[in-house]
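With the first letter of the sequence shown counted as 1, position 83 gets the number 205 in this note's numbering; the numbers rise by one all the way through.
Below is one structure; the comments refer to it alone.
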Amino acid sequence: MKQKEILKLSSDNKQTVMTVVNWLRKVKEGDPMEQELIGVLEDWRSDESYAPLWSMVALGFVGSRKAIPALLDVLDSDADYWCEAASEALVRIVQRHGEPVLEPIEVFIEKRLDHDPFDARLFAYEPIAQLKTSGRAKKFLIRMFEQDDQWQDSIAHDLANFGDKRILHLFRRAIEYAQHAGIRSLVSELREAYCVLDGVKFDRQDSKELWDQPWEERWSHNLDELGKTDDEIENFDKSSLGERLDKLESDDEFLEKIRKEQKFVANYPLVDFNLNTYLRIREPGQEEYELDKAIKFLDLSDIWSVEKIQLLINSSSHPEEVLNAVLANSSFTPSMNSGFQLFDLMIKLWNVTPREEFQGLNPEEIRHLDPHGIFNKSKLGRNELCYCGSGRKYKKCHGK
123 MKQKEILKLS SDNKQTVMTV VNWLRKVKEG DPMEQELIGV LEDWRSDESY APLWSMVALG
183 FVGSRKAIPA LLDVLDSDAD YWCEAASEAL VRIVQRHGEP VLEPIEVFIE KRLDHDPFDA
243 RLFAYEPIAQ LKTSGRAKKF LIRMFEQDDQ WQDSIAHDLA NFGDKRILHL FRRAIEYAQH
303 AGIRSLVSEL REAYCVLDGV KFDRQDSKEL WDQPWEERWS HNLDELGKTD DEIENFDKSS
363 LGERLDKLES DDEFLEKIRK EQKFVANYPL VDFNLNTYLR IREPGQEEYE LDKAIKFLDL
423 SDIWSVEKIQ LLINSSSHPE EVLNAVLANS SFTPSMNSGF QLFDLMIKLW NVTPREEFQG
483 LNPEEIRHLD PHGIFNKSKL GRNELCYCGS GRKYKKCHGK
């Protein structure tokens, strides 16, 4: 009997599919039917019916932890609505089980930072973003916000819903970079996320997420396709899309509302970047870890931390100043070799430490964005230290 119910997922009858999915969604984790549903899902590449889609809907309601690898596999495809179904099933599973099921999703995202031909990361972020009270989820998204340039705008909107206003300083720094890089679309998205995090309410925020709708309503389009020929489906899709576009383009009130919102977002006042707040919210990078190890090895950690050194860097004009200050407050006398190594680590940290003067940009970013010195606020003498923080004289750096 149960096997027959699974086979009905391939039916071309809308009512049959709705009945069987509503029955399968009540299956409990550990029931043999859970594995049967996963088997249907795992066959999604070769199964030409909608059975794998309906299996994803059911597995989401089941809260199936065993289904996570198969659902993540679906994300590595260019079939958008299949990816949406897999992502929404993962959302339900994460909402059911919380932080303990995040690790495979986090690993999936990190492995695709350098190569992600199907944009799978975009769909994988969604379930993590649902744990708005989770420190782990927030920490992971903050790290990805600073590493995943491709989806920084989407991650910003996810982070805005966590309500931690310290994140405004991450946004402030990212907005500054995008403005100087001339990425106008990213500036707009980051500013909108900034507004939401700062308490601005937009009307569209009240709209339901797709997975919050009854599943029959959410997937009504696909249910309506059951029993239709390919030509009928194609003609229906074209007609439906055309109607939606015509309605949108003729809605002057809606378009005017969008223009007003865009103007409001573009002119919304931004907080000045604060390094101390930023350091407390973001995850340290490799340069910080390396200097931290050196500080501990050289017995300087009773007096100095990497964060204290970064705050000193923010108010210093040369890395040698920082090194001298660190050594002056300790009994440690470095050998020539250890002194050079410590200074080298200090230079690396100097180059990646954001500066309040430049709204969070660091010297490496300034050199990348500003080969002609537009950040320079006053004319420097050619023998003065370069404003970019490289430690070189202006004439040998941006003054060439």
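For every residue, glycine included, the Cβ atom is placed at its ideal position computed from N, Cα and C.
Outcome for His490 when other beta-carbon atoms lying within 10 angstroms are tallied against a minimum of 16
Against the sequence shown, residue 490 aligns to sequence position 368. Exposed.
Assuming Ser177 and Leu159 form a contact by the criterion Cβ under 8 Å, report the distance between their Cβ atoms to the nearest whole angstrom.
Mapped onto the sequence shown, residue 177 falls at position 55. Mapped onto the sequence shown, residue 159 falls at position 37. Indeed they touch by this definition, with Cβ atoms about 5 Å apart.
If we ignore side chains and look at the alpha-carbon of each, how far apart do Leu263 and Ala211 end up?
Mapped onto the sequence shown, residue 263 falls at position 141. Mapped onto the sequence shown, residue 211 falls at position 89. Cα-Cα distance, rounded: 20 Å.
Which whole-angstrom value describes the C-beta separation of Glu405 and Lys233, a residue pair presumed to lie in contact below a C-beta threshold of 8 Å?
By one-based count along the sequence shown, residue 405 stands at place 283. By one-based count along the sequence shown, residue 233 stands at place 111. Not confirmed; about 18 Å, so no contact.
Less than 8 Å between the beta carbons of Tyr316 and Leu345, yes or no?
For this step, residue 316 is matched to residue 194 along the sequence shown. For this step, residue 345 is matched to residue 223 along the sequence shown. No.
Straight-line CA distance for Lys106 to Leu181?
Given that the chain is displayed from residue 123 to residue 522, the structure contains no residue 106 and the question cannot be resolved.
At 4 residues or longer, and completely inside the region 153-210: list those alpha helix (DSSP H) runs for me, N to C.
Qualifying alpha helix (DSSP H) stretches, in chain order: 154-164, 173-184 and 190-197.
Rounded to whole angstroms, how far is the Cβ of Ile297 from the Cβ of Leu312, which I believe are closer than 8 Å?
Position 175 of the sequence shown, counting from 1, holds the residue named residue 297. Position 190 of the sequence shown, counting from 1, holds the residue named residue 312. Right, their Cβ atoms sit about 5 Å apart.
Specify, as a first and last residue, the run of the alpha helix (DSSP H) that Arg477 falls within.
If you number the sequence shown from 1, residue 477 lands on position 355. Element bounds for Arg477: n/a, residue is neither H nor E.
Assumed close pair Val474, Asn484 - CB separation to whole angstroms, cut-off 8 Å
Counting from 1 along the sequence shown, the entry for residue 474 is found at position 352. Counting from 1 along the sequence shown, the entry for residue 484 is found at position 362. Correct: roughly 5 Å between the Cβ atoms.
Using 8 Å for Cβ pairs, my map puts Trp273 next to Leu319. What's the rounded Cβ distance?
For the purposes of this step, residue 273 is taken as the residue at position 151 of the sequence shown. For the purposes of this step, residue 319 is taken as the residue at position 197 of the sequence shown. Actually they do not touch by this definition, with Cβ atoms about 17 Å apart.
From Ala300 to Glu156, what does the alpha carbon distance come to, in whole angstroms?
Counted from its first residue, the sequence shown places residue 300 at position 178. Counted from its first residue, the sequence shown places residue 156 at position 34. If I take the Cα positions, the gap works out to 46 Å.
Boundaries (first-last residue) of the alpha helix (DSSP H) holding Gln274
Locating residue 274 in the sequence shown gives position 152, where the first residue counts as 1. Per DSSP, Gln274 belongs to the alpha helix (DSSP H) from Gln274 to Ala282.
Cut-off 8 Å between Cβ atoms - residues of its own chain near Arg295, not counting five sequence neighbours on either side:
In the sequence shown, counting from the first residue as 1, residue 295 sits at position 173. Cβ neighbours of Arg295 beyond the five flanking positions: Phe395, Tyr400, Pro476, Gln481, Gly482 and Leu483.
Report the residue ranges of all alpha helix (DSSP H) runs contained in full by the region 390-461; include only those spanning at least 4 residues, in chain order.
397-403, 408-419, 428-436 and 441-450
Residues near Lys499 in its chain [Cβ-Cβ closer than 7 Å; skip 5 each side]:
To locate residue 499, count along the sequence shown from 1; it is residue 377. Only weak support exists for where Lys499 lies, its pLDDT of 46 falling under 50; the value from the coordinates is given anyway. The answer is none, since no qualifying residue turns up.
His219 and Arg187 look like a contact to me (Cβ under 8 Å); what is the Cβ gap, rounded to whole Å?
The residue you call residue 219 lines up with position 97 of the sequence shown. The residue you call residue 187 lines up with position 65 of the sequence shown. With 8 Å as the limit, His219 and Arg187 qualify as a contact, their Cβ atoms being about 6 Å apart.
Would you mind sorting Glu419 into buried or exposed? The rule is 16 or more other CB atoms within 10 Å of its CB.
Here residue 419 refers to the residue found at position 297 when the sequence shown is read from its first residue. Going by the sequence as given, residue 419 is Phe instead of Glu. Phe419 comes out exposed.
Among residues of its own chain, excluding the 5 on either side of Phe230, which ones have a beta-carbon nearer than 6 Å to its beta-carbon?
Residue numbering aside, residue 230 sits at position 108 when the sequence shown is read from its first letter. Within the same chain, Phe230 has close Cβ partners Leu194 and Ala246.
Secondary structure of Val309, DSSP reduced to three states
Counting from 1 along the sequence shown, the entry for residue 309 is found at position 187. Helix.
Nearest to Val143 by alpha carbon, out of Glu412, Glu487 and Glu127?
Residue mapping note: residue 143 aligns to position 21 of the sequence shown, counting from 1. Between Val143 and the set Glu412, Glu487 and Glu127, the nearest pair of CA atoms involves Glu127.
Based on Cα-Cα distance, which residue from Ile469, Asp200 and Asp236 lies nearest to Val428?
Translated into positions along the sequence shown, residue 428 becomes position 306. Scanning Ile469, Asp200 and Asp236 for the CA closest to the CA of Val428 turns up Ile469.
Under a three-way DSSP split, which group does Thr138 fall into?
Position 16 of the sequence shown, counted from the start, is the residue given in the question as residue 138. Looking at Thr138 - three-state DSSP - the assignment turns out to be helix.
Own chain residues within Cβ distance below 8 Å of Gly349, not counting five before or after
As a position in the sequence shown, residue 349 is number 227, starting the count at 1. Same-chain partners within the cutoff: Asp134, Asn135 and Lys136.
If we call anything under 8 Å between Cβ atoms a contact, is Glu151 one with Val196?
For this step, residue 151 is matched to residue 29 along the sequence shown. For this step, residue 196 is matched to residue 74 along the sequence shown. No, the Cβ-Cβ distance between Glu151 and Val196 is not below 8 Å.
Could you have a look at Leu131 and say whether DSSP puts it in helix, strand or coil?
Translated into positions along the sequence shown, residue 131 becomes position 9. Looking at Leu131 - three-state DSSP - the assignment turns out to be helix.
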